[in-house]
Ligand SMILES: [Zn+2]
């Protein structure tokens with residue numbers, strides 16, 4: 235199976251449908267990047283997360299309306315990521331609904347225009363990671379944790395602020411005749427709350443679990459997501475012994491034993507990366523060396539929900555290093571650097587001149603040595619060499635390398651960069 239075939243087969247995780255989870259509880263999967271939960275109570279509805287766009291929320295609500303015509307009373311945000319909070323206006327249907335969230339809930343949708351910081355590049359890298367503008371189905375196969383084709387209208391536009399904060403870990407609230415218990419479960423997001431329906435053995439886990447190796451680092455650019463905290467949260471959720479697990483992305487898992495195994499494996503995978511990376515760091519290895527050696531142990535490596543469709547072990551290794559020791563890899567040679575253009579000049583001199591460096595890039599590409607090709611092309615493109623082939627070579631290498639990725643984020647990022655370069 236090629237990496238593309240494998241990534242395509244992963245589409246089964248976000249087949250567009252509404253899964254019945256228990257009597258009066260449903261989960262809409264595959265309409266958008268993230269899932270929406272529906273709990274039908276005595277006198278109204280509880281919605282768990284609201285997905286990423288008003289258009290997707292409208293489709294999901296229409297699906298829910300084939301099941302129930304009760305009004306939405308309560309919305310719960312499992313965490314503040316945009317793909318879970320951007321359809322609230324649709325589910326509220328113009329009424330004043332209660333919106334429950336973590337006490338430290340903070341959305342970057344609020345005040346985004348005026349917030350200081352690298353917002354422009356973050357947006358651009360987000361577009362690359364999710365393959366915005368790529369052709370769905372052929373170029374953008376999927377998102378790794380959501381379908382490749384989904385409605386974009388009203389993206390990030392249906393947010394409503396929370397009206398009630400969960401006051402303490404384990405807090406119980408009765409809504410619409412249904413008992414809800416809220417658990418603080420920091421993981422992919424620090425303000426994550428998991429929502430338990432004790433009477434039904436059901437757990438909405440937010441993004442602490444989905445069917446991919448966890449995204450301990452997102453290449454769009456994210457602060458450090460504390461690895462140990464995430465692993466601890468998985469142990470905490472497993473201790474609740476749910477019989478139905480409704481994740482924030484990908485299809486639900488049914489069955490107490492299956493869920494115990496999945497949560498334990500997920501936790502073990504994170505702890506394994508921590509242990510191996512820390513051991514390598516203590517031995518003086520740099521991130522570039524560590525990514526060559528750290529791998530999941532055999533029983534975990536084969537698990538369908540630990541395949542690297544969204545997060546990757548290598549990126550987790552780098553994130554753990556940077557998150558615990560910071561940017562400096564420890565090698566004095568990286569403590570100082572030459573200006574990139576000057577380094578390119580010197581590399582060209584070593585290669586026998588700019589044209590020779592350009593030719594070396596072409597040869598590397600022809601030999602299928604794609605990572606090296608990209609390095610050489612980057613250097614050539616910093617030189618003043620109007621007749622260089624490196625621009626075209628780089629685009630071809632980006633596309634070829636993309637085809638080798640089973641990780642959707644990497645594939646989308648490479649193809650997006652290729653497309654941008656073609657337009658330039
Ligand atoms: Zn999410």
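Residue numbers (this note's numbering): 235 to 658.
Where is the CB? At the ideal position from N, CA and C, for every residue including glycine.
Contact test: residue i Cβ vs ligand 1 heavy atom, cutoff 7 Å
i	result
residue 336	no
residue 315	yes
residue 441	yes
residue 320	no
residue 650	no
residue 268	yes
residue 390	no
residue 483	yes
Candidates the options: closest to residue i by CA position
i	options	result
residue 385	321, 343, 415, 253	321
residue 177	324, 297, 300, 481	Because the chain here runs from 235 to 658, residue 177 falls outside it and cannot be looked at.
residue 477	507, 440, 435, 450	435
residue 247	257, 235, 261, 256	261
residue 653	620, 474, 631	631
residue 671	537, 559, 483, 534	Residue 671 lies beyond the range of the chain shown here (235 to 658); nothing can be said about it.
residue 243	354, 381, 606	381
residue 338	279, 426, 257	426
residue 489	353, 437, 410	437
residue 634	623, 625, 620, 649	649
residue 551	450, 267, 445	450
residue 294	617, 263, 641	263
residue 485	452, 538, 456	538
residue 584	614, 568, 600, 599	614
residue 468	445, 439, 657	439
residue 575	596, 279, 616, 554	616
residue 502	461, 405, 514	461
residue 202	498, 455, 464, 483	For the chain, the structure presents residues 235 to 658; residue 202 sits outside this window and is missing.
residue 625	608, 600, 407, 636	608
residue 656	285, 333, 368	368
residue 554	410, 464, 406	464
Length of the line joining the Cα atoms of residue i and residue j
i	j	result
residue 546	residue 359	17 Å
residue 394	residue 288	12 Å
residue 414	residue 265	25 Å
residue 254	residue 270	12 Å
residue 292	residue 305	15 Å
residue 610	residue 594	8 Å
residue 388	residue 540	32 Å
residue 419	residue 428	6 Å
residue 602	residue 592	16 Å
residue 239	residue 372	11 Å
residue 643	residue 398	34 Å
residue 370	residue 402	43 Å
residue 491	residue 475	9 Å
residue 258	residue 536	35 Å
residue 651	residue 573	23 Å
residue 377	residue 522	26 Å
residue 431	residue 526	43 Å
residue 508	residue 457	17 Å
residue 267	residue 606	33 Å
residue 424	residue 596	46 Å
residue 441	residue 447	12 Å
residue 480	residue 379	14 Å
residue 256	residue 483	18 Å
Counted within 10 angstroms of its Cβ, other Cβ atoms place residue i as buried (16 or more) or exposed
i	result
residue 645	buried
residue 362	buried
residue 571	exposed
residue 562	exposed
residue 236	exposed
residue 566	exposed
residue 349	exposed
residue 667	Residue numbering for the chain in the displayed model covers 235 to 658; residue 667 lies beyond these limits and cannot be assessed.
residue 510	buried
residue 330	exposed
residue 544	buried
residue 199	Nothing about residue 199 can be read from this structure; the chain reaches only from 235 to 658.
residue 317	buried
residue 355	exposed
residue 588	buried
residue 282	buried
residue 344	exposed
residue 303	exposed
residue 396	buried
residue 353	exposed
residue 569	exposed
CB contact check: residue i to chain D, cutoff 8 Å
i	result
residue 605	This model lacks chain D altogether; it includes just one protein chain.
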